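Novice: Going by my numbering, the first residue of the sequence shown is number 1, and it counts up by one from there.
Backbone N, C-alpha and C fix where the C-beta goes; we use that ideal spot for every residue, glycine too.
Treat the numbers as computed from the prediction; the structure is a model and nothing was measured.
Sharing a structure with you now.
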Amino acid sequence: MVENRFSSSIKQLQINGGGEFTSKLFLTFLRDHGISHQISSPYTPQQNGVVEMKHQHIVAMGLCLLAQSRLPHNFWVEAFSTAVFLINRLPTPQLGHLSPYEKLLQRPPDYTSLKSFGCTCFPHMVPYNKHKLSFKSVPCVFIGYDDHYKGYRCLDPISGRVYISRNVTFDETTFPYRQPQIAPDAQPTFDAHSDLGPNSFSHRISTSTGPPQSDPIPLASPQINPSPSPAHNDPIRSPYAPADPVPSSPSQNSLPSPLVSLPSSHPTNPAISPLPTLLPTDSTSIPDTANPSPPPTPPSSPIPHTTTSSPASTPPSSPLDPSIFPNSPNTPNHPQHFKSLKSIVPFGPVTKPLYSPTHPHPLPHGLSATCSDPTSIEPTSFTQASKYSHWQDAMKDEYDALMKNQTWSLVPATSRMNVVGCKWVFKVKRKADGSVDRYKARLVAKGFNQQEGFDYEETFSPVVKPATIRTILSLALSYHWSLQQLDVRNAFLNRYLQEEVYMKQPPGFHDPSRPQAVCRLHKALYGLKQAPRTWFQRLSTFLLAQGFVHSHSDASLFIRLSSSCTVYVLVYVDDIIVTGSDPQNVHQFLDQLCSTFDSRHMGELNFFLGMEITRFPDHLFLSQTRYAIDLLKRFNMTDCKPCPTPLPSDTRLSCLDGDPLSDPSTYRSMVGGLQYLTLSRPDISFAVNQVCQFMHNPRSSHLQVVKRIFRYIKGTVAQGLVFHESTDFTLRSFPS
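Here it is as structure tokens:
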């Protein structure tokens with residue numbers, strides 16, 4: 001272009017080390033045209049100061065355009081392109097108060113065609129309309145000038161299309177995105193179906209027929225992709241969003257108006273419906289307020305975390321209803337559209353089994369228990385647990401075990417002591433089929449009150465890698481070894497503490513003769529910062545004495561090799577997997593381990609760390625079905641509509657898409673739960689990795705993607721990994 005227009009050639013090029021300038025194709029082009037080039041040193045922008053200063057000028061003006069128009073940041077390409085267009089036409093002292101345009105082309109630019117970026121505009125739509133009853137124009141937003149067409153770029157926020165038109169009417173005193181978000185009872189400033197006759201135009205509106213372009217050209221802008229597609233998770237927020245006509249009533253107080261879509265007489269606005277392919281309108285259900293069922297009779301004793309509210313009361317307005325988060329009373333509701341209020345039903349039990357195409361076994365019957373079953377409730381405090389006899393027995397068993405192991409002794413409290421608190425933690429231990437195995441109550445110290453250097457030093461303890469678990473399962477299957485499971489009771493009580501740690505007496509078990517005394521801990525207790533380390537050191541010492549060695553790839557894997565047999569021991573805190581080539585040798589080791597530590601031999605491995613292991617003659621199935629169902633229940637997504645994929649293939653998340661979440665803790669909890677599910681679900685690993693990148697500052701668009709992953713889990717809840725026998729153990733690598 002330089003040679004054709006100015007009869008000059010480029011001899012030398014100064015560039016930075018950007019990938020677009022150092023690519024093989026670009027360097028080949030420079031070499032073929034005889035252009036020498038120099039690359040600036042890394043992190044030395046001053047070596048290319050002219051370009052860097054102009055780049056700063058463009059960015060500053062582009063940000064000013066976005067700020068004055070209040071357009072979202074995903075319009076930065078349009079704003080910066082407009083900034084370049086304006087800078088080329090503005091006089092500058094460096095050129096004798098001439099503009100670069102005039103200096104280069106020897107003629108002054110035409111300033112009459114310049115308009116305010118982000119203002120309201122009305123492009124002429126008659127040539128584009130297919131029906132004679134279509135409106136001659138629609139209210140749009142001016143987003144700059146086109147490089148290839150002689151026309152203005154006009155964004156229709158309702159349809160998301162960008163039109164390029166020559167005949168455009170501008171209202172440079174109105175900036176749609178400057179206006180505050182329209183309240184539910186307010187009238188929209190403009191509407192695509194309103195009268196666009198002469199009376200609807202203000203006298204301030206100016207008409208421009210600047211660039212000669214006869215027909216408007218609908219253009220799907222590749223830079224901003226304003227259409228609400230799965231590729232863009234934050235669709236354009238329309239400033240012309242119609243008001244919500246749903247009247248407020250006592251039964252709908254918990255449903256903020258942005259969460260309710262327009263009735264069927266008003267078509268849903270696609271420009272303000274976030275991710276229509278990710279969250280269909282009937283993904284979440286609301287009780288039928290027209291035919292409410294009578295509220296259930298409350299139980300005689302308080303049951304924590306139950307969802308027994310009647311449909312006539314406060315219905316869950318979204319999959320993240322605040323009522324299911326007792327620790328977050330102000331959990332915000334995020335925008336989501338529903339097809340109808342009648343499609344929402346209250347949370348209830350799983351009424352029909354779910355199936356997997358690859359594993360057509362119905363879910364265990366024990367997984368369909370309702371929250372109203374007292375035997376399946378996990379109390380959150382000593383007060384709640386004390387009302388149930390089975391939890392009282394569980395606490396008594398735990399306390400007796402602590403006393404038997406001489407875990408502490410009572411001493412008078414002094415001012416120099418750092419006394420930590422304690423609490424009871426309750427867990428329903430289940431079998432692989434979902435039925436109740438036992439009720440476990442555990443006394444946990446509040447280790448967050450400990451002081452480093454005073455009552456603890458080192459805290460590191462290794463944790464088994466998920467890949468190690470899968471490797472051991474695959475080896476055992478291929479060699480036809482048995483997989484034995486062991487549970488160490490009160491594992492942390494097997495080693496004496498080196499530091500002085502003081503704790504309050506446990507709730508419900510105060511010594512009546514010494515109520516003010518405190519417990520000096522002699523052995524490690526769950527919750528102490530050094531407890532996992534002390535237990536692992538104790539177990540490691542025992543295993544090393546038995547001839548085991550640490551694996552170089554995972555410190556939680558112990559291996560004993562001999563001429564007669566091989567034994568593998570996989571440790572995750574107090575859960576242990578043992579396998580080996582000689583069953584008799586393995587059982588001898590298990591007996592020795594049980595005699596040294598108070599352990600429970602649980603037989604053949606079938607449930608480990610929330611993973612269900614089902615073994616068949618020629619393969620092994622690893623799944624987390626029950627954990628996935630519990631995860632859906634936890635976030636009130638059991639009634640969501642399944643979707644076929646965790647993410648659309650062209651999804652690209654951005655830290656600027658959507659609105660910030662006022663309480664990001666819910667988002668982090670959901671993503672954390674999905675991370676653990678990837679142990680047996682590699683099909684969601686990429687999607688979970690994407691949403692994990694925004695844990696520090698999640699936004700509404702990211703939350704919609706997380707919900708889509710949950711919907712995918714709903715449709716594939718019983719799927720998992722299938723391990724087949726293998727006779728080839730050659731390690732292969734694949735370069736990227």
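Return the chain-ordered ranges of every beta strand (DSSP E) run that is complete within the region 76-126 and spans a minimum of 3 residues.
Specialist: Complete beta strand (DSSP E) runs here, min 3: 120-123.
Novice: Note down, in chain order, each residue of its chain lying with its Cβ closer than 7 Å to the Cβ of Phe621, except the 5 sequence neighbours on either side.
Specialist: For Phe621, where only same-chain residues beyond five positions count, the Cβ hits under 7 Å are His359, Thr614, Gly720 and Val722.
Novice: When the Cα atoms are used, what is the spatial distance from Phe448 to Leu528?
Specialist: Near 8 Å, if we compare the C-alpha coordinates of Leu528 and Phe448.
Novice: Go through its chain and collect everything with a Cβ distance to His724's Cβ below 6 Å, but skip five positions before and after it.
Specialist: Excluding positions up to five away in sequence, the list reads His619.
Novice: Roughly how many angstroms lie between the CA atoms of Val350 and Ala718, to the nearest whole one?
Specialist: Because the pLDDT at Val350 is just 38, under 50, the model does not fix this residue reliably, and the value given afterwards should be weighed accordingly. Rounded to whole angstroms, Val350 to Ala718 spans 14 Å at the Cα level.
Novice: Starting from the C-beta of Met670, find all residues in its chain whose C-beta is less than 7 Å away, skip the five residues before and the five after it, and write them out in chain order.
Specialist: Phe635 and Val706, listed in sequence order.
Novice: Select from Phe6, Pro412 and Asp487 the residue whose C-alpha is nearest the C-alpha of Phe597.
Specialist: If we check each option's Cα against that of Phe597, Asp487 comes out closest.
Novice: On a Cα-Cα basis, can you pick out the residue from Thr730, Pro176 and Ser9 that is closest to His33?
Specialist: Of Thr730, Pro176 and Ser9, the residue nearest in Cα terms is Ser9.
Novice: Pick from Gln384, Ser137, Glu457 and Gln516: whose alpha carbon is nearest that of Gln737?
Specialist: Because the chain in this structure spans residues 1 to 736, residue 737 falls outside the shown range and cannot be described.
Novice: Contact defined as beta carbons within less than 8 Å: I believe Val162 pairs with Phe122. What is the distance between those atoms, to the nearest angstrom?
Specialist: 15 Å between Cβ atoms; not a contact.
Novice: What are the uninterrupted segments assigned as alpha helix (DSSP H) that are 4 or more residues long and contained completely in the region 446-502, given in chain order?
Specialist: For the region 446-502, whole alpha helix (DSSP H) runs of length 4 or above, ordered along the chain, are 466-479.
Novice: Please check the pair Thr645 and Tyr712, which I expect to be a contact at CB under 8 Å, by giving their CB distance rounded to whole angstroms.
Specialist: Yes, they are in contact, since the Cβ atoms of Thr645 and Tyr712 sit about 6 Å apart, within 8 Å.
Novice: Just reading off the beta strand (DSSP E) that Tyr572 is part of, what are its end residues?
Specialist: From DSSP, the beta strand (DSSP E) with Tyr572 extends over Thr566 to Tyr572.
Novice: Closest to Leu679 by C-alpha separation, out of Leu731, Ser623, Gln56 and Leu703, would be which residue?
Specialist: Taking only the C-alpha atoms, the option nearest Leu679 is Ser623.
Novice: For the alpha helix (DSSP H) containing Gly62, name the first residue and the last one.
Specialist: Residues Gly49 to Ser69.
Novice: In the DSSP assignment, what residue or residues form a beta bridge with Ile629?
Specialist: According to DSSP, which records beta bridges pairwise, Ile629 is partnered with nothing at all.
Novice: To the nearest angstrom, how far is it from the Cα of Ser283 to the Cα of Tyr627?
Specialist: In this prediction, Ser283 scores a pLDDT of 39, lower than 50, which makes its location untrustworthy; the coordinate-derived value is nonetheless stated afterwards. So the two alpha carbons sit approximately 21 Å from each other.
Novice: Would you be able to state if there are at least three C-beta pairs under 8 Å between the region 601-617 and the region 492-509?
Specialist: Cβ pair count under 8 Å is below three, so no.
Novice: Could you give the distance in angstroms between the alpha-carbon of Pro109 and the alpha-carbon of Tyr177?
Specialist: Cα to Cα, Pro109 sits roughly 29 Å from Tyr177.
Novice: Kindly indicate which residue of Gln14, Gln546 and Asp683 has the alpha-carbon position closest to the one of Gln38.
Specialist: The candidate whose alpha carbon is nearest that of Gln38 is Gln14.
Novice: For the alpha helix (DSSP H) containing Glu398, list its first residue and its last residue.
Specialist: First-last of the alpha helix (DSSP H) with Glu398: Ser389 to Lys404.
Novice: Do Thr579 and Leu483 have their CB atoms nearer than 8 Å?
Specialist: Yes, these two residues count as a Cβ contact at 8 Å.
Novice: Find the nearest neighbour of Ala687 within the set Met403, Pro698, Gln675 and Ser409, judged by alpha-carbon distance.
Specialist: Nearest option by C-alpha distance: Gln675.
Novice: Please name the residue in Leu677, Gln592 and Gln179 whose C-alpha comes closest to that of Asp630.
Specialist: It is Leu677.
Novice: According to DSSP, is Lys440 part of a helix, a strand, or is it coil?
Specialist: If DSSP states are grouped into helix, strand and coil, Lys440 belongs with the strands.
Novice: Closer than 8 Å by C-beta to Ser40: which residues in its own chain qualify, once you throw out the five before and the five after it? Chain order, please.
Specialist: Only Gln14, Ile15, Asn16, Gly17, Gln47 and Asn48 meet the Cβ criterion.
Novice: Taking the beta carbon of Arg166 as the centre, do at least 16 other beta carbons fall within 10 Å, making it buried, or is it exposed?
Specialist: Arg166 is buried by the Cβ-count criterion.
Novice: According to DSSP, simplified to helix, strand and coil, what is Ile35?
Specialist: Ile35 falls in the coil class under three-state DSSP.
Novice: Give me, in chain order, the residues of the same chain whose beta-carbon lies closer than 7 Å to that of Glu378; leave out the 5 immediate sequence neighbours on both sides.
Specialist: Around Glu378: Phe426, Lys427 and Val428.
Novice: When DSSP labels each residue in this structure, what does Val138 get in the three-state scheme?
Specialist: Coil at Val138, not helix or strand.
Novice: Please name the residue or residues paired with Gly603 in a DSSP beta bridge.
Specialist: According to DSSP, Gly603 bridges with Gln485.
Novice: Return the CA-CA distance between Lys440 and Trp391, expressed in angstroms with no decimal places.
Specialist: In a straight line, the C-alpha of Lys440 is about 8 Å away from that of Trp391.
Novice: So for Lys529, helix, strand or coil by DSSP?
Specialist: The answer is coil: DSSP assigns Lys529 none of H, G, I, E or B.
Novice: So, for Ser116: in the same chain, excluding its five sequence neighbours on each side, which residues have a beta-carbon less than 6 Å away from its beta-carbon?
Specialist: Closer than 6 Å at Cβ, skipping near neighbours: Glu172.
Novice: Report back the beta-carbon spacing between Gly508 and Ser386 to the nearest angstrom; my notes put them in contact at under 8 Å.
Specialist: With a Cβ gap of about 7 Å, Gly508 and Ser386 count as contacting.
Novice: Roughly how far, in whole angstroms, is the beta-carbon of Lys446 from the beta-carbon of Lys423, given that I think they are within contact range, below 8 Å?
Specialist: Confirmed, about 7 Å.
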